[in-house]
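S.K.:
Protein chains: 2
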Amino acid sequence: MNVKGTLPLLVLQTLSEEALHGYAIAQRIKARSKGVLDFKEGTLYPTLHSLEEQGSIEANSIVVDGRIRHIYRLTDKGNKMLEAQSLEWAKIVGAMNNVLAGAK
Amino acid sequence: MNVKGTLPLLVLQTLSEEALHGYAIAQRIKARSKGVLDFKEGTLYPTLHSLEEQGSIEANSIVVDGRIRHIYRLTDKGNKMLEAQSLEWAKIVGAMNNVLAGAK
DNA sequence: CGAGTATACCTCAAATCTCGAGGTATGTAA
DNA sequence: TTACATACCTCGAGATTTGAGGTATACTCG
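Take a look at the structure:
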């Protein structure tokens, strides 16, 4: 395991609350984390595309102000992914704490 | 930021308790985390070498059973690194929790 | 009116991190 | 003597992320 990509988990969690487009997802994550978590677009879009490819999220293309917006929402599969990755994250945080607590 | 390498932090913390050689560091981390955190040798040795290069740890080469052992210990600089990275990690965990807590 | 900023989407090269497999060598247990 | 544990190491491949670049529209400030 070893903590690599937390972005899929963050995206899944964000979409579980509300369907949003890519740009808004990034802003939401940044705002909720008070600026600490700040993923760039070069990271976000590829991640969004791979989550869509594996069926965890689905895109709805709608037209706003004459321009296309890709609104993403969580699928059932994505919901299961979210649960699994949340547990995984909690496990890693717990393990890190065990090590960081040092010898007792 | 965004959580990438937690291994340097783990190594620094482990060595702050006791000077150890590479192989033992990996085992210590795995044991303390109850098997959750399990970094491979291909990851560990390069990390050890780069920590040594930047002056965070120092190696003492001693001979045990006719073979050379590289015992690493924390330097003053490494201690400062440890403190900084611990804070960094706590910050990220807090930020992740804020996002995962969702809208309230 | 023009400049700048925000929104919204996208791609690509480079850097970094990790794994897995491979290699060397010794000691000990089955 | 075969196998496993200890102990060290390197390298290729894959994944993730950054930073820079590109396109385009809309809004605000002076």
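Those protein sequence lines, which keep their order, are chains L and F.
Quick note: the first sequence uses the numbering used here, first residue 32, plus one each step.
Quick note: the second sequence uses the numbering used here, first residue 32, plus one each step.
Glycine included, every Cβ here is placed at the ideal spot set by N, Cα and C.
1) From the DSSP output, in three-state form, read off F:L51 for me.
2) Under three-state DSSP, which class holds L:A132?
3) Using 9 Å as the threshold, is the C-beta distance between L:H101 and L:S92 below it?
4) Answer with yes or no whether the minimum CB distance from F:S64 to chain L is below 9 Å.
5) Per DSSP, L:A90 forms a beta bridge with which residues?
6) Please name the residue, chosen from L:A57, L:A62 and L:D69, that lies closest to L:L79 on a Cα-to-Cα basis.
7) Between L:V42 and F:A90, what straight-line distance do the alpha-carbon atoms span, to the nearest angstrom?
8) Of all the CB atoms in chain L, is at least one closer than 9 Å to the CB of F:L41?
9) Can you tell me which of L:A126, L:G133, L:L131 and L:A132 puts its alpha carbon nearest to the alpha carbon of F:L68?
10) Give, in chain order, every residue of the segment 41 to 56 of chain L whose Cβ lies closer than 9 Å to some Cβ of chain F.
11) Leaving out the 5 sequence neighbours to the left and right, which residues in its chain are closer than 6 Å to L:E84 when beta-carbon positions are compared?
12) Evaluate L:V95 with the Cβ neighbour count: other Cβ atoms within 10 Å of its Cβ, from every protein chain shown; 16 or more gives buried, anything less gives exposed.
13) List the residues that DSSP assigns as beta-bridge partners of L:V67.
14) Measure the CB-CB distance between F:L46 and F:G133 and report whether it falls below 9 Å.
15) Counting along the chain, where does the alpha helix (DSSP H) carrying F:T78 start and finish?
16) Using a beta-carbon distance below 9 Å, is L:S117 in contact with chain F?
17) For chain L, check one thing: does any of its Cβ atoms lie closer than 9 Å to the Cβ of F:A90?
18) Could you tell me which chain L residues have their CB closer than 9 Å to the CB of F:G133, listed as they occur along the chain?
M.R.: Straight from the coordinates:
1) In the displayed model, F:L51 falls within a strand according to three-state DSSP.
2) Of the three classes helix, strand and coil, the one that applies to L:A132 here is coil, per DSSP.
3) Cβ distance < 9 Å, so L:H101 and L:S92 count as in contact.
4) So, interface residue.
5) Per DSSP, L:Y103.
6) Checked all of L:A57, L:A62 and L:D69; the closest Cα to L:L79 is L:A57.
7) Each residue's Cα considered, the two are about 42 Å apart.
8) Contact with chain L is found for F:L41, since one of that chain's Cβ atoms lies less than 9 Å from the residue's Cβ.
9) The shortest C-alpha to C-alpha distance from F:L68 to any of L:A126, L:G133, L:L131 and L:A132 is the one to L:A126.
10) Here the close residues are L41, Q44, T45, S47, E48 and E49.
11) Excluding residues within five positions, none has a Cβ falling inside 6 Å.
12) By the neighbour-count rule (16 or more Cβ atoms within 10 Å), L:V95 is not buried but exposed.
13) Its beta-bridge partners do not exist; DSSP assigns none.
14) No, they are not a contact pair.
15) Its alpha helix (DSSP H) spans residues E72 to E84.
16) Closer than 9 Å: yes.
17) Not a single C-beta of chain L is nearer than 9 Å to the C-beta of F:A90.
18) Within 9 Å Cβ-Cβ: Q44, T45, S47, E48 and R63.
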